[in-house]
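Start counting the sequence shown at 18; every next residue gets the next number (the working numbering).
From the three backbone atoms N, C-alpha and C, an ideal C-beta is built for every residue, glycine too.
Written out below as structure tokens is the structure these notes cover.
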Amino acid sequence: EQDSQEFLRYLLQGLSEDVNRIQKKPVPLIIDEKQEELKKEKDRATASWDRCLRYENSPLVDIFAGQLKSTLECCHCGYQSTTFDMFWDLSLPLPRDRLSTNLQDCIQLFMSKEELDGDEEPMCNRCKKKRPCTKKLSIQKCPEILVLHLKRFSQTRGRTKLNTHVDFPITNLKLDHLKDVMSSSYKESVPTYNLFGISNHSGTVYSGHYVAQCKHPFTHDWHEFNDSSVHFISDTSSIISADAYVLFYEQKKS
């Protein structure tokens with residue numbers, strides 16, 4: 018069985034490559050890391066984004082791409098290093114010890130500090146050797162369309178599916194209300210998002226079925242698309258189910 022989130026990322030990246038505004042591969046930039054560290058964080062984020070656009074600049078990037086900030090902090094000396102990366106979607110972990118949760122908790126779990134030690138220890142630029150570190154993610158640039166993937170399929174103790182019920186807002190998803198989700202150098206007004214589509218997965222890891230639920234852009238009615246069958250959804254609250262796998266949010270127009 019194919020994974021709808023993997024297919025979506027492959028599709029977006031493939032389409033972006035086909036309509037890339039960059040026709041000629043640019044000459045690689047030589048980056049002076051010491052000079053980069055002297056810049057303000059927001060300037061470094063902007064420079065990183067501009068470098069990405071030198072290679073991939075398309076209408077798909079305009080709509081779907083955002084930017085994550087990753088901060089590593091050495092547990093030995095406290096040195097912090099920051100990198101910025103483009104993202105097409107966010108893959109959110111589900112709490113393992115709960116039968117139900119909410120989307121906001123999943124987002125905060127994704128952004129929470131992670132300890133890197135043992136084989137995962139990165140090189141500390143100050144200590145000049147591998148050290149245990151903490152890793153913290155935050156959003157530096159919000160996409161116009163925010164795609165959230167709920168990680169229901171687990172590799173721990175064999176492949177299993179988590180049927181955790183995730184409560185998610187249909188309207189007014191506010192990221193700035195969540196602690197430590199937005200980068201400290203993010204100075205623009207944080208957009209509010211409304212849900213407009215869901216990819217649902219029912220069944221098991223090895224045998225399942227996908228059903229889509231989408232909101233009409235003009236009437237705002239919800240419909241379910243199940244293979245060749247299309248049904249009107251009279252009770253909008255029914256779209257919040259344990260089958261939700263990929264959520265599609267769009268920025269609310271001011």
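C144 counts as exposed, since fewer than 16 other C-beta atoms from the protein chains shown sit within 10 angstroms of its C-beta.
Ranked by how close their Cα comes to the Cα of E267, the residues S65, H240, L212 and G83 have L212 in first place.
In this structure, the beta-carbon distance from K86 to S129 does not fall below 8 Å. Our two residues, L28 and L77, have alpha carbons roughly 10 Å apart in a direct line.
Under the three-state reduction of DSSP output, A62 falls in the helix class. Scanning D136, L126, Y223 and H218 for the CA closest to the CA of S258 turns up H218.
Annotated three-state conformation of E131 is strand, per DSSP. In this structure the stretch 147 to 162 does not lie against the stretch 170 to 184, because fewer than three pairs of beta carbons, one per stretch, are closer than 8 Å. The beta carbon of F249 sits closer than 7 Å to the beta carbons of D238 and H240 from its chain, once the five residues preceding and following it are set aside; these are given in chain order. For T100, the beta-bridge partners assigned by DSSP are S87. When DSSP reads this structure, A261 sits in a beta bridge with N217. Collapsing the DSSP output to three states places H194 in a helix.
Assignment of beta-bridge partners to Q268 by DSSP yields Y210. Cβ contact annotation for D102 (same chain, cutoff 6 Å, sequence separation greater than five): L85, in chain order.
For S117, the enclosing beta strand (DSSP E) stretches over residues S117 to N119. Nearest Cα to P43 within the set N243, C69, H233 and R115: C69.
Put simply, the backbone Cα of T88 is about 10 Å away from that of S200. L25 has its alpha-carbon roughly 30 Å from the corresponding atom of L46. Rounded to whole angstroms, the gap between the alpha carbons of Y203 and S245 is 44 Å.
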